[in-house]
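Q: I have a structure I would like to understand better, so I am pasting it below and will then ask my questions one at a time.
Residue numbers (the numbering used here): 3 to 71.
This is the structure in structure tokens:
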């Protein structure tokens with residue numbers, strides 16, 4: 003998606019972000035470090051925001067949709 007955006011000017015509606023590595027709970031020590039590596043998040047084009055669909059796994063980007071705030 004980023005290559006098409008840069009090289010062809012086709013901006014994505016959203017991008018899925020994933021953690022890389024073993025995970026870390028910094029700067030939030032109350033969050034387990036093991037939580038981070040499997041979590042994905044939907045990053046939406048401004049001004050839209052990611053909203054949980056209320057049905058799927060809240061740790062997976064597929065459970066979110068881009069909507070107006």
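Quick reminder that beta carbons are idealized off the backbone N, C-alpha and C, glycines included.
Assign residue 44 to one of two classes, buried (16 or more other C-beta atoms within 10 Å of its C-beta) or exposed (fewer than that).
A: For the purposes of this step, residue 44 is identified with residue 42 of the chain shown, where counting begins at 1. Its Cβ being crowded by 16 or more others within 10 Å, residue 44 is buried.
Q: Under a three-way DSSP split, which group does residue 33 fall into?
A: Position 31 of the chain shown, counting from 1, holds the residue named residue 33. Looking at residue 33 - three-state DSSP - the assignment turns out to be coil, as it is neither helix nor strand.
Q: Among 50, 53, 54 and 20, which has the Cα closest to the Cα of residue 39?
A: Residue numbering aside, residue 39 sits at position 37 when the chain shown is read from its first letter. Of 50, 53, 54 and 20, the residue nearest in Cα terms is 20.
Q: From residue 29 to residue 49, what distance separates their C-alpha atoms?
A: For this step, residue 29 is matched to residue 27 along the chain shown. For this step, residue 49 is matched to residue 47 along the chain shown. About 27 Å.
Q: Just verifying my parser: in three-state terms, what is the DSSP assignment at residue 4?
A: Translated into positions along the chain shown, residue 4 becomes position 2. Correct three-state label for residue 4: helix.
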